[in-house]
Amino acid sequence: MKRLLQRVAMPERSHGSVSPQMSGAGYFQRPFRANVVRIDLTMMMPGELMLEAIALLAARRFPRRPQDGRAPWTVMALAAFLGGRRTAERLDREIESLKSEIARLAKEGMREPAPDLATGQPSEADVPTVAGTEATVDGPWSRVREGAGTSHDESAAGRESGDGAIDGPVAPSAATARAESLESRIGGRWPVWVGGLALALGGYFLVQYSIEAGLLSPAVRLTLAAVFGLALGVAGEVIRRRDVPAIADRFRNAMIPGVLTAAGAVTLFGVVYAAYGIYDFIGTGAAFVLLALVSLATVGLSLLHGQALAGLGLLASLLTPLFVSSGEPRPWVLFAFLAVAWLATLAASRLRRWSVVPTLANAGLGLWGLAYVALATPFEAPPVTFALLVMIAGVALIWPGRAERTAEPSGTTQIGAASEPGAWERLFTPPYLAISISAAIVATVLALLFISPAVDAARFPVSDFVVIVVALAAAGSLRPAAIYAALLAAFGAVAGTWSLTALSGVLAYLDPSFAGSPPEIVVPGRTAMLTAMTLSALFILLGGFVLARRPAGDRQFAALWAGIAAVVPNALLAMSFVMTGSFAFDLPHGLAAFADGIFLLGLVEWLYRRSAGAGDADVDGGLLALGSFGLFVIGLHAWTDGLVTTLAIALLGAGYSFATRLRSWPVLPWVTVAGAVVILARIAWEPTIVGPGNLGTTPVFNALLPGYGIPALLLVASAYLLRTWPDLRVRNLLQALASVFVLLTLAILVRHAMNRGVLDSSVPTLGEQAIYTLLAIGASGIFMTLDGRSPSPVFRYGGMALGVLSMLSVLGAHLVGLNPYFSGELLGSLPFFDLLLIGYLLPAIGYFGLAWYARGRRPLPYVVALAVSGAILAFAWATLSVRRFWQGQNVADWKGFLQGETYTYSVVWLVLGVLLLVAGSRLDAKSIRIASAVLVFVAVLKVFLVDMSNLEGFLRALSFIGLGAVLIGIGLFYQKILSGSAGNAGEGARRA
């Protein structure tokens, strides 16, 4: 076109000669020619302009010749002119079709971002344009470009969530933000909303006026109202088809067509209800069908008018059964209609990617189910189950189904924004979370309500409960987005199994005071048992299904399902066994537990074989291995009892550690730790292992020796076997548990022997407590030796902890609580081999030996504390021995003191102090020398404060003479030591 206009406006130059008639000097300067060109440029369509310009050239560029005449060229020009008119009309039609296509694309929402320099697309500045041509021509092409540009900018800026084209948060463009002012809100949105409400109220007032004035008959009124509703719907559709794409995008939540359609739907709904409920023109069936058609049609029209209209159709669908009711309840008709309405809403939401309306649909269906189950007496579970299965399948397969998380536009990234969420956070925040979690909550609540004692069912719907839970779990196993369905299914299975038996009498087993009034069983125990076994097996199979098809990017989802497959069967079978099983021997529970445990172990083996040592199966395999151990423990409790159960669990736990010779699964030692914890729990529940009545009185050789000793030996063997295991944590933990079990075995045997075969909560005697102290001292020394050979924080800090605990027991029990001076306990008939020997002297010797052994191996304060503890016990032994010499085997405080006894205390204390001083010097132990100094100082205080006032005559003088001699001897001893040290230091300095 540009070249054509140039040829029309400029003279033509050729390589040959040009006739005077063809020269530019006189050809295009005629007024008529210029006017024609101006008219063509401003008034004609592009196709018309082109062809008429050709006709003009044909008529004027080739003038008539004298020999040919003018007629042929005139005819040719006329034909070209008429052909141009027809071509212009055809082009007009094509332009209109292109405009319609652009408008349709704008309404559907184009996702392509606007081209910019960053993407390498050419901008407007790079595209050559004709100056003054496109800017001045107001043709259809320019109008189409403006509309397309506007709709493109609006779609790139993002749509509101009501339309659902893009549900994710999209940052609006600057132009849209500037346009959305107060004037835009008031002028573009509020009139539409208020106008729709005014139309609905106007129709209502018009009908009310006609009724009050008696102008029209009921049939005419209903007919006119129906016509009015249909007219509103048609008007909305007409306006929608003629709407401008820019307006549709900008005011999407205040679209006039949608408001008109909504008003028409409300009018039609009111017409049908008035015809049924007020005038009785139609029956129940016809009214139900018509209301259903209106509501479903409204949902269908929401595809054209937005999510708000879908919500209105959903509300109409939910209210239809409430407005139209019959005398005979028909739950199948009710829930079938609700399921169809729910599916229609979900389908519309899937096409438009809505999230609010399907969530409300789930809630509405749940409310109808809750109302029916709670109010109907009795209720039928299958219709509700059918509707719930439709909902679960729809959410799992239709919407959200396989919907993925929408990517955030690059323009929304802000400086300082939070980092990308982690894998676990993404797993628990799936896209369209409200839809899936609302459906899962509705299904779980109704399934639990089915088997609740608070409702009355036509037949107890255990099978319906199982079907809903399994369907929900199956939906949760399909994809990570349905993770909450899996979690709620697991919760529903556990809570439902507990509810099936209504505690069944387990409280009477835990506390005999409940035996008089145990809760009644809702269903037979066999039914509850079969339900628990079925659900446990199905959860294991679903877990295997997830692990078998696990994609590389769904490791967290697979780990979660591995945990569900491990925990849920254990919980179900344990509850079933405790509530309904036989504690002596229960074959069904044992078989189910061992079968499930073996399957889980086989699944672990398959996972590690599939991973081929890559290490990505450690978490899944570890959870499943722990689950298998739990199931085996349940099976052992079902088939064994007492001592056999304890020994079997100990062997089972150690077997997992022994299996490290065949498999290098990291979880195997942890299973051994779990076995030790289970044995400790059994000991806490029943310390006698076999029951108080079956425990013999023979010391050492009774049921306690294997019940405590064999688990201790197995743990020691496991710790030794795994001494080079790469995981330091579990290695240290096994060593600690082995040490605890060894000490526990020794302590329980001592307790049994010292109490004549009775294990009760009575306060121990001094002899029993002394044995415990000796065991702690010996264990601390053993730990010190083990730490020297195989350094371990368990041996190092565990040994020190035992030493500290034993020292605290000395202060609390030996010196105060169990001291014969305060308790009055008899010491025995033999003067030296009595209670004082085991209670004080032997622990003192043990502390002295441990302090000597700990020098250089443990911190100095700890060593000093051990030595001081030994000195205190030695002082107590010497003092109580003096009192026994004077008072006999009863050394209670109420007997008072004799003068000879008082003097003897001073002598013994001074002799003991001297002996400690000599021992400290020989052993070069400063701590022992300090203890001797303290003891001598106590003796000095006793002589000056006690002996001076209580002793008389010769004994008082002898006490002071002895004290003086001892103190002078100690001073002379220290002078020699210090002089020798100074002389050696001076000689060394002279030699240097």
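For the sequence shown, counting from 1, position 9 maps to 41 in my numbering; every step adds exactly one. Glycine included, every Cβ here is placed at the ideal spot set by N, Cα and C. No experiment lies behind these values; they were computed from the predicted model shown.
Does DSSP put A489 in a helix, in a strand, or in coil?
As a first step, residue 489 is located in the sequence shown; it is residue number 457 there, counting from the start. A489 falls in the strand class under three-state DSSP.
Output the boundary residues of the alpha helix (DSSP H) element that contains T255.
Taking the sequence shown and counting its residues from 1, one reaches residue 255 at position 223. Per DSSP, T255 belongs to the alpha helix (DSSP H) from P250 to R273.
Once the 5 residues before and after M423 are set aside, which same chain residues still bring their CB inside 8 Å of it?
Residue numbering aside, residue 423 sits at position 391 when the sequence shown is read from its first letter. Cβ neighbours of M423 beyond the five flanking positions: A371, W374, N394, L397, A471, V474 and A475.
Would T805 and S841 be called neighbours here (beta carbons separated by less than 8 Å)?
Stepping through the sequence shown from its first residue, residue 805 is reached at position 773. Stepping through the sequence shown from its first residue, residue 841 is reached at position 809. Here T805 is near S841, since their CB atoms are less than 8 Å apart.
Here's a check: name, in chain order, each residue in its chain whose Cβ is nearer than 6 Å to the Cβ of D956, leaving out the five neighbours to either side.
Translated into positions along the sequence shown, residue 956 becomes position 924. Setting aside the 5 residues that flank it on each side, D956 has no residue in the same chain whose C-beta is closer than 6 Å to its C-beta.
Roughly how many angstroms lie between the CA atoms of P719 and L791, to the nearest whole one?
On the sequence shown, position 687 is the one that residue 719 refers to. On the sequence shown, position 759 is the one that residue 791 refers to. In a straight line, the C-alpha of P719 is about 8 Å away from that of L791.
When DSSP labels each residue in this structure, what does F523 get in the three-state scheme?
The residue labelled residue 523 in the question sits at position 491 within the sequence shown. Residue state for F523 is assigned as helix, using DSSP reduced to three classes.
Mind checking which residues open and close the alpha helix (DSSP H) that includes H669?
The residue given as residue 669 occupies position 637 in the sequence shown. Run containing H669: D650 to W671, per the alpha helix (DSSP H) assignment.
Taking the C-alpha atoms as reference points, what is the distance between A207 and A135?
Taking the first residue of the sequence shown as position 1, residue 207 is located at position 175. Taking the first residue of the sequence shown as position 1, residue 135 is located at position 103. Note on A207: pLDDT 41, under 50, position unreliable in the model; the coordinate value appears next. A straight line joining the alpha-carbon of A207 with that of A135 spans about 20 Å.
Sub-8 Å separation of F355 and A324 beta-carbons
Working through the sequence shown from its first residue, we reach residue 355 at position 323. Working through the sequence shown from its first residue, we reach residue 324 at position 292. It is not a contact, given that the beta carbons lie outside the stated cut-off.
Looking at the structure shown, is F237 part of a helix, part of a strand, or coil, going by DSSP?
As a first step, residue 237 is located in the sequence shown; it is residue number 205 there, counting from the start. Reduced to three states, the DSSP call for F237 is helix.
Anyone know if the C-beta pair for V331 and V304 falls short of 8 Å?
Your numbering for residue 331 matches position 299 in the sequence shown. Your numbering for residue 304 matches position 272 in the sequence shown. With respect to the 8 Å criterion, V331 and V304 are not classified as neighbours on the basis of their beta carbons.
Using the Cβ count rule (16 or more neighbours within 10 Å means buried), how would you classify F854?
Here residue 854 corresponds to residue number 822 of the sequence shown, with the count starting at 1. Exposed, because fewer than 16 other Cβ atoms sit within 10 Å of the Cβ of F854.
Just the Cα atoms here: how many angstroms apart are V826 and N764?
Translated into the one-based positions of the sequence shown, residue 826 becomes position 794. Translated into the one-based positions of the sequence shown, residue 764 becomes position 732. Rounded to the nearest angstrom, the two C-alpha atoms are 6 Å apart.
Which residue or residues does DSSP assign as beta-bridge partners of F411?
Your numbering for residue 411 matches position 379 in the sequence shown. DSSP lists A489 as the beta-bridge partner residues of F411.
How many angstroms separate the CA atom of A342 from the CA atom of G508?
Numbered from its first residue, the sequence shown carries residue 342 at position 310. Numbered from its first residue, the sequence shown carries residue 508 at position 476. Roughly 27 Å between the two C-alpha positions.
Which residues in the same chain as E800 place their Cβ atom closer than 6 Å to its Cβ, once the five residues preceding and following it in sequence are excluded?
Residue numbering aside, residue 800 sits at position 768 when the sequence shown is read from its first letter. Sequence-distant Cβ neighbours of E800 in its own chain, meaning closer than 6 Å and more than five residues away, are M786.
Own chain, CB closer than 6 Å to W431, minus 5 neighbours either side, in chain order:
In the sequence shown, residue 431 corresponds to position 399, counting from 1. Within its own chain, the residues whose Cβ lies closer than 6 Å to the Cβ of W431, once the five positions on either side in sequence are excluded, are L378, S381 and R382, listed in chain order.
Touch check for the region 893 to 911 and the region 926 to 934: three-plus C-beta pairs under 8 Å?
Not touching, per the Cβ criterion.
Is it the case that the region 524 to 532 contacts the region 554 to 574, given that we only count it when at least three CB pairs across the two stretches are under 8 Å?
Note that the region 554 to 574 touches the region 524 to 532; at least 3 beta-carbon pairs, one per stretch, sit closer than 8 Å.
Alpha-carbon to alpha-carbon, L769 and T692
The residue you call residue 692 lines up with position 660 of the sequence shown. The residue you call residue 769 lines up with position 737 of the sequence shown. A straight line joining the alpha-carbon of T692 with that of L769 spans about 19 Å.
First and last residue of the alpha helix (DSSP H) that includes S841?
Here residue 841 is taken as the residue at index 809 of the sequence shown, counted from 1. Boundaries of the alpha helix (DSSP H) around S841: P825 to S841.
Nearest residue (CA-CA) to L834, options L256, A751, L807 and S794
Your numbering for residue 834 matches position 802 in the sequence shown. Comparing alpha-carbon positions, the option among L256, A751, L807 and S794 lying closest to L834 turns out to be L807.
Start-end ranges of the alpha helix (DSSP H) lying completely within the region 585 to 645, minimum 4 residues:
Taking only runs of at least 4 residues, the alpha helix (DSSP H) segments lying wholly in the region 585 to 645 are 587 to 612 and 619 to 643.
In angstroms, rounded to a whole number, what distance separates the CA positions of L604 and A525?
Within the sequence shown, numbered from 1, the residue matching residue 604 stands at position 572. Within the sequence shown, numbered from 1, the residue matching residue 525 stands at position 493. Pairing L604 with A525, the inter-Cα distance amounts to about 8 Å.
CA-to-CA distance, D650 to S468, given in whole angstroms:
Position 436 of the sequence shown, counting from 1, holds the residue named residue 468. Position 618 of the sequence shown, counting from 1, holds the residue named residue 650. Whole-angstrom Cα-Cα distance: 30 Å.
Can you grab the Cα-Cα spacing for the pair W1035 / K958, in whole Å?
Residue 1035 lies beyond the residue range present for the chain, which begins at 33 and ends at 1024; the question has no answer from this structure.
For A413, which of R458, W456, P363 and R384 has the nearest alpha-carbon?
For the purposes of this step, residue 413 is identified with residue 381 of the sequence shown, where counting begins at 1. For the residues R458, W456, P363 and R384, the minimum Cα distance to A413 belongs to P363.
According to DSSP, is N764 helix, strand or coil?
Locating residue 764 in the sequence shown gives position 732, counting from the first residue. Note: N764 maps to helix in three-state DSSP.
CB of L882 within 8 Å of CB of G830, strictly:
Here residue 882 corresponds to residue number 850 of the sequence shown, with the count starting at 1. Here residue 830 corresponds to residue number 798 of the sequence shown, with the count starting at 1. For the 8 Å CB-CB criterion, L882 and G830 do not form a contact.
Can you check which of these residues, V732, G622 and I1002, is closest to G789 by C-alpha distance?
Translated into the one-based positions of the sequence shown, residue 789 becomes position 757. The shortest Cα separation from G789 among V732, G622 and I1002 belongs to V732.
If you drop the 5 nearest sequence neighbours on each side, which residues of the same chain put their C-beta closer than 8 Å to that of V498?
Position 466 of the sequence shown, counted from the start, is the residue given in the question as residue 498. Within the same chain, V498 has close Cβ partners T563, T566 and L567.
Counting pairs of beta carbons, one from the region 402 to 416 and one from the region 480 to 491, are three or more of them closer than 8 Å?
At 8 Å Cβ cutoff, the stretches touch.
Sort L700, L231, G246 and S249 by Cα distance to L264 and report the nearest one.
Position 232 of the sequence shown, counted from the first residue, corresponds to residue 264. Nearest option by C-alpha distance: L231.
Minimum C-alpha distance to R272 - residue among I993, H337, L862 and K927:
Residue mapping note: residue 272 aligns to position 240 of the sequence shown, counting from 1. The candidate whose alpha carbon is nearest that of R272 is H337.
Taking the alpha-carbon positions, what's the T299 to A486 distance?
Position 267 of the sequence shown, counted from the start, is the residue given in the question as residue 299. Position 454 of the sequence shown, counted from the start, is the residue given in the question as residue 486. Going by the C-alpha atoms only, they are around 41 Å apart.
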